[in-house]
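S.K.:
Protein chains: 2
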Amino acid sequence: MEQTLLLNQEEIKELVTMKDVVKLVDKTFQDMGNEKTVNPTKVLLDLGETAAYPPYEGFMNAMPAYIGWQDIAGIKWAGGLLGKRKELGLPYITSMILLINPQIGNFVSVMDGAYITNFRTGAQTANALKYIKRGQKSIKVGLYGAGMQGRTQTMALSEVFDIEELIVYDIYREVAEKFKESMESYVRGNIKIAKEPSEVAQNVDAIICVTQSKDSFLKDEWVQPGTVVFPMGSYQEVENEFILNADHIVVDHVEQCLHRGVLKDLNEQGKVTKEHIDATIGELAIGVKTIEDFRNKRVICIPIGTGAMDISVAKFAMDEAKKRKMGKPFDFLGTGEIATPL
Amino acid sequence: MEQTLLLNQEEIKELVTMKDVVKLVDKTFQDMGNEKTVNPTKVLLDLGETAAYPPYEGFMNAMPAYIGWQDIAGIKWAGGLLGKRKELGLPYITSMILLINPQIGNFVSVMDGAYITNFRTGAQTANALKYIKRGQKSIKVGLYGAGMQGRTQTMALSEVFDIEELIVYDIYREVAEKFKESMESYVRGNIKIAKEPSEVAQNVDAIICVTQSKDSFLKDEWVQPGTVVFPMGSYQEVENEFILNADHIVVDHVEQCLHRGVLKDLNEQGKVTKEHIDATIGELAIGVKTIEDFRNKRVICIPIGTGAMDISVAKFAMDEAKKRKMGKPFDFLGTGEIATPL
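Chains as they are written, first to last, in our numbering: chain W, 263 to 604; chain G, 263 to 604.
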């Protein structure tokens, strides 16, 4: 039996570029469209993010998936914590990914999942925008939140589009300034820092919300026709009116999107149901659905995040590591048995 | 940040005895009864066990949990595969367990989960039987299936009870004979090998079904008053009549038990619902419910298996490993940073 390949985050950074992740996510969205990916609804372990008990400010999501085009199965266990984790200066996201050979069930790899999570989240947006705005090459971007996710969103978009201009708002001005400094190489035109949230939404092709905000700060009246809004936060960043008035709703995973994040409340009120979802990103990826006349439409697109994307990227990282003889094999059975890889 | 402690199966075998597991499972059932454990319904990734696609004969279950009395969170990803796995002579169960510090979200341990799965499954039955048959010290046991699970069930029961007699049936006579040979030290009286399935159910206190059978082989008419039946298989081992005629239904996790295993079909037909479940094992553990006059009752008890039990045992294994300086630390962040354990 093959041993289990352990990969740490620094190795994964070497093994996987944003260009790779954008391609992998594209193929896996197509796989989902072709119904070759199996991706059950993620299961939440609430550690006190919203539950009254236990008393920690965080959650963990279990996200198993099988990817047809790569013939791999795995799970990501990932979450976010504030509280003591934040006090210690640790990043919000914590994550681990496990891969198995789906034929035999042996564990082929265990790796850190935080870096992959950040990268694939950016790549999901970039690919989804590509499918919605078929043929468009250059874009203007509005960004709420200039943290880690804001960076990976920008990096991913720059792989797929020519970013003409990016306007960013962060509640901390200095965070926005640091963002501008480190992200300028990804943007052809200028990065502007908005003084008011409303400025971000003017005259852009895509609005990306990557904040921890619990307020519905993005107002319906700010959003122009021709704009795709990506509310990526855990909480509702967009006011109900925009969701109800949008021309199209696009999601990555119907069940997940109705029960978590931006659509949750309206779904519970019965105002947004399965019937209001016009397309999945997978359906747009393979072209069985398209967003007609997208230059005049207001679209809300929710890539809430699927384990499929993480498993797909992790499989690539493992294969690359094997090619480059990186990582560390570990024998979780402890029998010392090493046969030829199956 | 503390590194992640890796433990292999051989180390876990050294670190954890059945006596330990029986005690841990007892405490964790009490924790569940006291509502201090958080254990969402497990999420299935079907790799072809029942689904038409993908084409592998197996499944994986994601089982996250938080355990209050130990203040630990974790996930077990575990499944069973036949097909190529079986051809290779590998055990049915494949599993890995991840533990995090729930306050900070850092991964404190990654370990094999197969051994813990087998042991805790036995310990669940033994403890549940103890709660149902309050005060009874010596028992007669009927066992269907003489494989790995049959052994760990017997080992666990022998920690809690004096086993006066055990009668075992296996479709392979030689498997039953091997079982008898290796298990005699756990049984005060004799181990008898049954020629016919019906013999197992006569005049026993508990009937344990640990088979891969898809037939409802256990007949209602075989089961005497005073017997607790444990259908532990993935499929339905007990005929509908017994379930419908039983005096009491006891489960470990209401939602899970209605949607998987022995109650699934009857639940889908609306014949067994939440209202038919008389108690959870946790409620019996803390004594808020009891099975009155158990010597004259026919009880069906379904410990379908909760991640809580695995996480509880895994936490103990990690703590023991630290005490004994076993296991191997691994830095999944790859930053080489090692601070004092938090």
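Glycine included, every Cβ here is placed at the ideal spot set by N, Cα and C.
#1: Within 7 Å of any Cβ in chain W, is that where the Cβ of G/Y377 sits?
#2: So what does DSSP say about W/N389, is it helix, strand or coil?
#3: Kindly indicate which residue of W/F369, W/K442, W/L405 and W/F556 has the alpha-carbon position closest to the one of W/Q464.
#4: Between the alpha carbons of G/F321 and G/E311, how many angstroms are there, rounded?
#5: Am I right that W/M445 and W/R413 are in contact with their C-beta atoms under 8 Å? What's the rounded C-beta distance?
#6: What are the boundary residues of the beta strand (DSSP E) that W/Y325 is part of?
#7: Any residues in the stretch 386-415 of chain W with a beta carbon nearer than 9 Å to a beta carbon of chain G? Which ones, in chain order?
#8: Taking its Cβ as the centre, do 16 or more other Cβ atoms sit within 10 Å of G/V278, making it buried, or is it exposed?
#9: Could you tell me if G/K308 is buried or exposed, where buried requires 16 or more neighbouring beta carbons within 10 angstroms of its beta carbon?
#10: Taking contact to mean at least 3 C-beta pairs separated by less than 8 Å, is the stretch 569-580 of chain G in contact with the stretch 279-293 of chain G?
#11: From W/K348 to W/L428, what does the alpha carbon distance come to, in whole angstroms?
#12: Given a cut-off of 7 Å on the beta-carbon distance, is the pair W/K402 and W/E426 in contact?
#13: Are any of the Cβ atoms in chain G nearer than 7 Å to that of W/W339?
#14: Among the residues of its own chain, which have a CB less than 6 Å from the CB of G/D605, if the five just before and after it don't count?
#15: For the alpha helix (DSSP H) that G/F578 lies in, which residues bound it at each end?
#16: Run down chain W in chain order and give the residues with a C-beta less than 8 Å from the C-beta of G/N270.
#17: For G/S475, I'd like the list of residues in its chain whose CB is within less than 6 Å of its CB, leaving aside the five on either flank, ordered along the chain.
#18: With distance defined between alpha-carbon atoms, name the residue in W/K399, W/T383 and W/I564 nearest to W/V516.
#19: Rank G/Y393, G/G544 and G/K585 by C-alpha distance to the C-alpha of G/T299 and give the top, closest one.
#20: CA-CA distance, W/E421 and W/K281?
#21: Below 7 Å between beta carbons: does that hold for G/F291 and G/N389?
#22: If contact means a Cβ-Cβ distance below 8 Å, which residues of the stretch 423-449 of chain G contact chain W?
#23: Quick test of your reading: G/A376 and W/A324, contact by CB under 8 Å. State the CB separation rounded to the nearest angstrom.
#24: Exposed or buried, which one is W/R382 when buried takes at least 16 other CB atoms within 10 Å?
#25: Once the 5 residues before and after G/K453 are set aside, which same chain residues still bring their CB inside 7 Å of it?
#26: Using 10 angstroms around the beta-carbon of G/N363, count the other beta-carbons present and answer buried if the total reaches 16, otherwise exposed.
#27: Identify each residue in the stretch 271-289 of chain G for which the Cβ-Cβ distance to at least one residue of chain W is less than 9 Å, and report them in chain order.
#28: Is there a Cβ of chain G sitting closer than 7 Å to that of W/F492, yes or no?
#29: Please report the residue range of the beta strand (DSSP E) in which G/A438 lies.
#30: Give me the Cα-Cα distance between W/K585 and G/D514, rounded to the nearest whole angstrom.
#31: Beta-carbon separation of G/K577 and G/I334 under 7 Å?
#32: Does the beta carbon of G/K585 come closer than 7 Å to any beta carbon on chain W?
#33: By the DSSP assignment, the alpha helix (DSSP H) with G/G412 in it spans what residues?
#34: Considering only the alpha carbon of each residue, which of W/F556, W/D527, W/Q531 and W/A327 lies closest to G/P316?
#35: Do the stretch 355-373 of chain W and the stretch 535-552 of chain W meet, that is, are 3 or more Cβ pairs less than 8 Å apart?
#36: Expressed to the nearest angstrom, what Euclidean distance is found between the alpha-carbon atoms of W/T597 and W/L344?
M.R.: The answer reads as follows:
#1: Under the 7 Å criterion on CB atoms, G/Y377 is classed as non-interfacial with respect to chain W.
#2: Three-state DSSP puts W/N389 in a helix.
#3: Of the listed residues, the one whose Cα sits closest to W/Q464 is W/L405.
#4: Each residue's alpha carbon lies about 6 Å from the other.
#5: For a cut-off of 8 Å, the C-beta gap from W/M445 to W/R413 is around 6 Å, short enough to register as a contact.
#6: The sequence shown places Met at residue 325 of chain W, not Tyr. Where W/M325 is concerned, the enclosing beta strand (DSSP E) stretches over G320 to I329.
#7: Cβ contacts with chain G come from no residue of the stretch 386-415 of chain W.
#8: Classification for G/V278: buried.
#9: Before going further, note that residue 308 of chain G is Asp rather than Lys in the sequence given. It is buried - the Cβ of G/D308 has at least 16 other Cβ atoms within 10 Å.
#10: Under the three-pair Cβ rule at 8 Å, the stretch 569-580 of chain G counts as touching the stretch 279-293 of chain G.
#11: CA-to-CA, the gap between W/K348 and W/L428 works out to about 28 Å.
#12: Yes, these two residues count as a Cβ contact at 7 Å.
#13: Taking Cβ atoms only, chain G reaches closer than 7 Å to W/W339, which makes this a yes.
#14: Nothing about residue 605 of chain G can be reported from this structure: the residues present for chain G run from 263 to 604 only.
#15: Its alpha helix (DSSP H) spans residues G569 to K585.
#16: Residues of chain W with a Cβ closer than 8 Å to the Cβ of G/N270 are, in chain order, F592, D593, F594, L595 and G596.
#17: Correct list, in chain order: E499.
#18: It is W/I564.
#19: When the alpha-carbon of G/T299 is set against those of G/Y393, G/G544 and G/K585, the nearest one is in G/G544.
#20: A direct Cα-Cα distance of roughly 6 Å separates W/E421 from W/K281.
#21: Between G/F291 and G/N389, the gap from beta carbon to beta carbon is short of 7 Å.
#22: Correct list: empty, as no residue qualifies.
#23: Rounded, the Cβ-Cβ distance is 19 Å, inconsistent with contact.
#24: Label assigned to W/R382: buried.
#25: In the sequence as presented, Lys is not what sits at residue 453 of chain G; that position holds Ile. Excluding the 5 residues flanking it on each side, G/I453 has same chain C-beta neighbours closer than 7 Å at L428, V430, K442, M445 and E446, in chain order.
#26: That one is buried.
#27: Those would be Q271, E272, E273, I274 and K275, in chain order.
#28: Look at W/F492: its C-beta is not under 7 Å from any C-beta on chain G.
#29: Per DSSP, G/A438 belongs to no beta strand (DSSP E); it is in the alpha helix (DSSP H), R435 to M445.
#30: Roughly 46 Å separates the two Cα atoms.
#31: With contacts defined as CB atoms closer than 7 Å, G/K577 and G/I334 qualify as a contacting pair.
#32: Among the CB atoms of chain W, none fall inside 7 Å of the CB of G/K585.
#33: Per DSSP, the continuous alpha helix (DSSP H) segment holding G/G412 begins and ends at M410 to V422.
#34: Per the Cα distances, W/A327.
#35: Contact between the stretch 355-373 of chain W and the stretch 535-552 of chain W is absent, because fewer than three Cβ pairs lie under 8 Å.
#36: Roughly 40 Å between the two C-alpha positions.
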